[in-house]
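See below for the structure under consideration.
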Amino acid sequence: MTATTLEKTTTDNAATVEFRGLRREFGPTVALDGLDLTVRPGEFLALLGPSGCGKTTALRMLAGFEHPTSGEVLVDGKDVTDVPAHRRDAGMVFQSYSLFPHLNALDNVAFGLRMRKVRTAERRSRAAELLDLVGLGDKGERFPHQLSGGQQQRVALARALALRPRVLLLDEPLSALDAKVRLSLREEIRRLQQELGITTLFVTHDQEEALSIADRVAVMRAGKLEQCAAPAELYGRPATPFVAEFVGTMSRLPGRLADGVVEVLGGQRLPVDGEAPAGPDVDVLVRPEAIHVHADEAGDARVVGTAFLGAVVRVTVRLGDDTEVKADLPTHEATTLGAGVAVRVSLPERPVLVAERVNP
Numbered sequence: 030m031t032a033t034t035l036e037k038t039t040t041d042n043a044a045t046v047e048f049r050g051l052r053r054e055f056g057p058t059v060a061l062d063g064l065d066l067t068v069r070p071g072e073f074l075a076l077l078g079p080s081g082c083g084k085t086t087a088l089r090m091l092a093g094f095e096h097p098t099s100g101e102v103l104v105d106g107k108d109v110t111d112v113p114a115h116r117r118d119a120g121m122v123f124q125s126y127s128l129f130p131h132l133n134a135l136d137n138v139a140f141g142l143r144m145r146k147v148r149t150a151e152r153r154s155r156a157a158e159l160l161d162l163v164g165l166g167d168k169g170e171r172f173p174h175q176l177s178g179g180q181q182q183r184v185a186l187a188r189a190l191a192l193r194p195r196v197l198l199l200d201e202p203l204s205a206l207d208a209k210v211r212l213s214l215r216e217e218i219r220r221l222q223q224e225l226g227i228t229t230l231f232v233t234h235d236q237e238e239a240l241s242i243a244d245r246v247a248v249m250r251a252g253k254l255e256q257c258a259a260p261a262e263l264y265g266r267p268a269t270p271f272v273a274e275f276v277g278t279m280s281r282l283p284g285r286l287a288d289g290v291v292e293v294l295g296g297q298r299l300p301v302d303g304e305a306p307a308g309p310d311v312d313v314l315v316r317p318e319a320i321h322v323h324a325d326e327a328g329d330a331r332v333v334g335t336a337f338l339g340a341v342v343r344v345t346v347r348l349g350d351d352t353e354v355k356a357d358l359p360t361h362e363a364t365t366l367g368a369g370v371a372v373r374v375s376l377p378e379r380p381v382l383v384a385e386r387v388n389p
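The sequence shown lines up with residues 30 to 389 when you count with my numbering.
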């Protein structure tokens with residue numbers, strides 16, 4: 030795919046998007062609770078969170094489909110909160126494709142151009158170019174029912190780009206597709222976004238999707254922003270226990286805190302990374318790849334299960350206090366760690382994230 034003949038949106042004129050104190054109430058339910066977030070020009074930002082966290086509501090407010098109870102939506106510093114959807118210069122792709130069943134792929138892509146009264150020859154040429162851009166140059170005469178789910182979503186993406194929007198909005202566009210098609214299409218979406226340089230907001234509840242495709246990920250919970258950071262920072266240095274446990278797998282190890290140092294696993298003492306809770310009884314939050322497990326007949330922990338994940342084996346270990354932790358080990362290191370094997374567990378000598386004890 031190439032965008033050489035398609036008018037390109039570069040990072041020089043890509044839009045800046047701002048949510049300022051955005052709040053949305055539906056009766057007694059607060060869908061957004063004071064959202065403050067800035068999307069940089071040409072950035073691919075993923076809005077990630079569980080169902081009901083407010084991510085789609087935020088996207089719909091930017092599109093103009095919802096109006097905030099209070100707060101502002103700005104594009105390039107201009108308040109567009111009261112601007113109608115058709116004047117917002119944003120293209121949107123929905124989970125359900127939303128193609129017109131009576132129009133073929135080419136006419137679906139050209140529909141917005143027709144509404145703008147673009148001349149027939151020009152709109153058909155631009156629509157054909159966009160179909161070629163998304164890899165469907167030979168499918169223009171096909172109707173939606175003659176296309177696969179992945180192909181229909183590509184048509185929807187091309188249609189969203191037809192009016193050359195400055196902001197592209199993607200509302201869980203991959204969730205209705207099977208795993209292989211989903212992976213292929215997310216790579217295409219990212220390549221296309223980078224090629225065009227368009228500011229993009231991508232809503233998803235899939236953490237792997239968000240981490241693999243976005244420049245930054247904004248994690249939301251109960252209408253509020255928990256953390257917005259690059260994928261590596263979000264995974265490696267989560268700002269809150271919720272982010273730590275929502276993004277990737279995380280085990281909780283009981284520890285005791287004193288003077289900025291936490292004692293864990295029966296005596297190992299480690300410095301605390303970031304803020305620590307007030308009480309002495311805490312949980313240490315650890316990723317499975319950071320947990321070391323060694324067979325040791327004198328160990329007070331036992332392997333209770335293993336799961337083959339390809340390059341690694343995920344080993345579930347029950348500690349002496351019945352806490353279960355998960356460790357990812359290279360396949361060759363896990364060959365002797367079957368169920369019931371006595372092991373010793375340790376952590377690397379580096380700062381750790383701690384949180385309030387869940388079960389004191």
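All C-beta atoms in this analysis are idealised placements derived from N, C-alpha and C, irrespective of residue type, glycine included. Model, not experiment: these values are computed from the prediction.
Quiz item: Does the separation of the CB atoms of L358 and V342 fall below 7 Å?
Solution: Between L358 and V342, the CB-CB gap stays under 7 Å.
Quiz item: Closest by CA to P377, which one among I218, R298, A187 and V163?
Solution: The option with the nearest alpha carbon to P377 is R298.
Practice problem: With a threshold of 16 other CB atoms inside 10 Å of the CB of A307, please say whether the residue is buried or exposed. | Solution: Counting every other CB atom within 10 Å of its CB across the protein chains shown gives A307 a total below 16, marking it as exposed.
Quiz item: What's the C-alpha gap between V370 and V344?
Solution: V370 and V344: Cα-Cα distance of roughly 11 Å.
Quiz item: Secondary structure at F140, three-state DSSP: helix, strand or coil?
Solution: Helix, per DSSP.
Self-check item: Per-residue DSSP class, three states only, for E224
Solution: It is helical.
Self-check item: Beta bridge counterpart(s) of H323 as assigned by DSSP
Solution: As computed with DSSP, H323 is found in a beta bridge with R373.
Quiz prompt | C-beta contact flag for V322 and V381 at 7 Å | solution = Taking 7 Å as the Cβ cut-off, V322 and V381 do not qualify as a contacting pair.
Practice problem: Have a look at C257 and V246 and give me their C-alpha separation to the nearest angstrom. | Solution: Their backbone Cα atoms lie some 5 Å apart in a straight line.
Quiz item: Near F94, which residues of its chain fall below 7 Å by C-beta distance, leaving aside the five closest residues on each side in sequence?
Solution: Counting only residues of its own chain and dropping the five nearest sequence neighbours on each side, F94 has a CB closer than 7 Å to the CB of A114.
Self-check item: Cutoff 7 Å; reference S204; Cβ partners in own chain excluding five residues on either side
Solution: A distance below 7 Å between beta-carbons, with the five flanking residues on each side excluded, links S204 to the following residues of its chain, in chain order: Q124.
Quiz item: Leaving out five residues before and five after T325 in sequence, what residues of the same chain have Cβ atoms less than 7 Å from its Cβ?
Solution: Reading off the sequence shown, one finds Asp at residue 325, where the question assumed Thr. Take D325, set aside five residues on each side of it, and the residues of its chain with a beta-carbon closer than 7 Å to its own are A371, V372 and R373, in chain order.
Exercise. Measure the alpha-carbon distance for I242 versus E274 and round it to whole angstroms.
Key: Near 20 Å, if we compare the C-alpha coordinates of E274 and I242.
Practice problem: Could you tell me which residues DSSP pairs with A287 in its beta bridges? | Solution: In the DSSP output, where bridge partners are listed per residue, A287 has V290.
Exercise. Determine, using beta-carbon pairs with one atom in the region 54-65 and one in the region 74-88, whether at least three such pairs fall under 8 Å.
Key: At 8 Å Cβ cutoff, the stretches touch.
Quiz item: Measuring CA to CA, which of S213, P260 and H131 is closest to A75?
Solution: Selected option, being the one with the closest Cα: P260.
Quiz item: Along the chain, where does the beta strand (DSSP E) that runs through E318 open and close?
Solution: Here E318 belongs to no beta strand (DSSP E), and DSSP marks it neither H nor E.
Quiz item: If V68 and T228 are in contact, beta carbons under 8 Å, what's the gap, nearest whole angstrom?
Solution: Between V68 and T228 the beta-carbon gap is near 6 Å, inside 8 Å, which marks them as a contact.
Exercise. Check whether the Cβ atoms of V332 and L366 lie closer than 7 Å to each other.
Key: Between V332 and L366, the C-beta spacing is below 7 Å.
Practice problem: Inspect the beta-carbon positions of L240 and M279 and report whether they are closer than 7 Å. | Solution: The criterion of a C-beta distance shorter than 7 Å is not satisfied by L240 and M279.
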